[in-house]
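Visitor:
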Amino acid sequence: MGFQVDLSTFYETGNIGQILDSLVPPAGSKANVNKVTKDLSRLKSQDSLENVPIDVVEWDGSEPKGEEIKETLTEIFMKKDVLYLALGLSQADLASVVDMSFMPTKDSIVLLAFCPSFETNGEPTTENRRLVGVLLANPSEHVETPPTCTSSVNLLLRYLNYCHPTTPETNSTPASKTNALYVSMIGVLSSAPKNQCHSNDSMDARWKRLVLEVLSLLEKKILELAKAKGFSMVERINTSEITAKTSMDSGYRTVRRTCLEDFAFSEHIVVDPKYRSHQSCYMVKDLVA
């Protein structure tokens, strides 16, 4: 053709098939043909991330161990949650928050999402499936403030209370929470689990799209189980736009939005200007009997 083509760039446009069909390598250019074939093979393997088998199951208390689940949640929130950064929580503080949320009772629900780990070429392996997502939910009436905690954790708990409506409103929240389920934490790893340590930017980009699918599956499963267990409502506070979007797609309605700047003003504290506009959403989903 007389010019070089960056296949990975064109692949992202979604028109790779049309582009490749139009390419006619010069006569005798066996090397170019081999390169195109090699790149197509690479792209096909990377595209396998779009069809990754994801298993979402309710934790039965055995494997993985509770400590592994808590460590995974701590890792997820340390890397990507704006709220914990804005309020200055340390890793130890965050681990303490996870401990508070992880209190399995007969009515609690712990959901786990698994997928295969990946080689650096994007191919899912046939073994070593990894824990990539966790959802913790407890009956709302059992969610209590712990007797002792650090000042940073206490600040976070006050913020979460601040996000709740002060009084129930008609057609906004039920008058009683005795039959409600509260989703306290939900998270998915920010990068694909790999068997090898080499990075693959293309694979990580595709993993970000897969995160939405994992979140949606966790949402769907918790609503199914909540209804089966007799809960009339599921409530949650979404501290990120991504989880708020997946909740909205699952039929939740937004009852209250809270701006971090308003909370900071009420608490007479200073937060980094880049976090002041951060918003959290208190959302509910009514379950039809």
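Residue numbers (this note's numbering): 124 to 412. Ideal Cβ positions, reconstructed from N, Cα and C, are used throughout, including at glycine. On a predicted model such as this, the values are computed, not experimentally measured, just so you know.
1) Check Phe237 in the structure and name its three-state DSSP category.
2) Please list the terminal residues of the continuous alpha helix (DSSP H) segment that includes Arg380.
3) Run through DSSP, which three-state label would Thr160 get?
4) Quick one: what's got a C-beta closer than 6 Å to Lys350's C-beta in the same chain, skipping five residues either side?
5) Between the alpha carbons of Cys404 and Arg359, how many angstroms are there, rounded?
6) Let me make sure I understand the geometry here. Which of Ser274, Leu235, Leu333 and Asp230 has the alpha-carbon closest to that of Tyr305?
7) Across the stretch 209-221 and the stretch 272-284, are there enough close Cβ pairs to call them in contact, namely three or more that are closer than 8 Å?
8) Tell me the rounded alpha-carbon separation between His391 and Ser224.
9) Quick one: grab the DSSP three-state call for Glu358.
10) Helix, strand or coil for Asp222, going by three-state DSSP, please let me know.
11) First and last residue of the alpha helix (DSSP H) that includes Asn277?
12) Helix, strand or coil for Arg253, going by three-state DSSP, please let me know.
13) With Ser344 and Val179 assumed to form a contact (beta carbons below 8 Å), what rounded beta-carbon distance in angstroms separates them?
14) Less than 8 Å between C-beta atoms, sequence neighbours within five positions excluded: which residues of the same chain meet that for Met406?
15) Report the option in Gln214, Asp183, Asn284 and Pro187 whose CA atom is closest to the CA atom of Thr381.
16) Here's the rule I'm using: 16 or more other beta-carbon atoms within 10 Å means buried, otherwise exposed. How should Gly310 be labelled?
17) Buried or exposed: Gly184, going by 16 or more other Cβ atoms within 10 Å of its Cβ?
18) Below 7 Å CB to CB, which residues in the same chain sit around Thr195 once its five sequence neighbours on both sides are set aside?
19) Helix or strand or just coil, what does DSSP make of Lys408?
20) Quick one: grab the DSSP three-state call for Leu304.
21) Helix, strand or coil: how does DSSP classify Val394 here?
22) Taking 8 Å as the limit between beta carbons, can you name the residues of its chain near Gly353, skipping five residues before and five after?
23) Since Glu186 is in the alpha helix (DSSP H), which residue starts that stretch and which ends it?
24) Excluding the five sequence neighbours on either side, which residues of its own chain have a C-beta within less than 7 Å of the C-beta of Phe200, listed in chain order?
Guide: Result, derived from the coordinates:
1) The answer is strand: DSSP assigns Phe237 an E or B state.
2) If you look at Arg380, you'll find it isn't in any alpha helix (DSSP H); it sits in the beta strand (DSSP E) that goes Arg376 to Cys382.
3) Reliability fails at Thr160, whose pLDDT of 42 lies under 50, so the model's placement of it is uncertain and the value that follows must be treated cautiously. In the three-state DSSP reduction, Thr160 falls in the helix class (H, G or I).
4) The answer, listed in chain order, is Leu410.
5) In this structure, the straight-line span from the alpha carbon of Cys404 to that of Arg359 is close to 8 Å.
6) Nearest of Ser274, Leu235, Leu333 and Asp230 to Tyr305, Cα basis: Asp230.
7) Short answer: they touch.
8) So the two alpha carbons sit approximately 27 Å from each other.
9) The three-state reading of DSSP puts Glu358 in strand, counting E and B together.
10) Taken through DSSP and simplified to helix, strand or coil, Asp222 comes out as helix.
11) Where Asn277 is concerned, the enclosing alpha helix (DSSP H) stretches over Ser274 to Cys286.
12) In this structure, Arg253 counts as strand in the three-state DSSP scheme.
13) Reading off the sequence shown, one finds Lys at residue 344, where the question assumed Ser. That belief holds up - the Cβ atoms of Lys344 and Val179 are roughly 5 Å apart, short of 8 Å.
14) So the list reads Glu358, Arg359, Ile360, Asn361, Ala367, Ser370, Met371, Tyr375, Arg376, Thr377 and Val378, once near-sequence residues are dropped.
15) Ranking Gln214, Asp183, Asn284 and Pro187 by Cα distance to Thr381 puts Asn284 first.
16) Within 10 angstroms of the beta-carbon of Gly310 lie 16 or more other beta-carbons, which makes it buried.
17) Residue burial annotation: Gly184 is exposed, with fewer than 16 other C-beta atoms found within 10 angstroms of its C-beta.
18) Sequence-distant Cβ neighbours of Thr195 in its own chain, meaning closer than 7 Å and more than five residues away, are Leu254 and Val257.
19) In the structure shown, Lys408 sits in a strand (DSSP, three-state: E or B).
20) Strand, per DSSP.
21) When DSSP states are grouped into helix, strand and coil, Val394 belongs to the coil group.
22) For Gly353, same chain residues with a beta-carbon under 8 Å away, outside a window of 5 residues either side, are Asn302 in chain order.
23) First-last for Glu186: undefined, no H or E at that position.
24) Excluding positions up to five away in sequence, the list reads Tyr207, Leu217 and Gly310.
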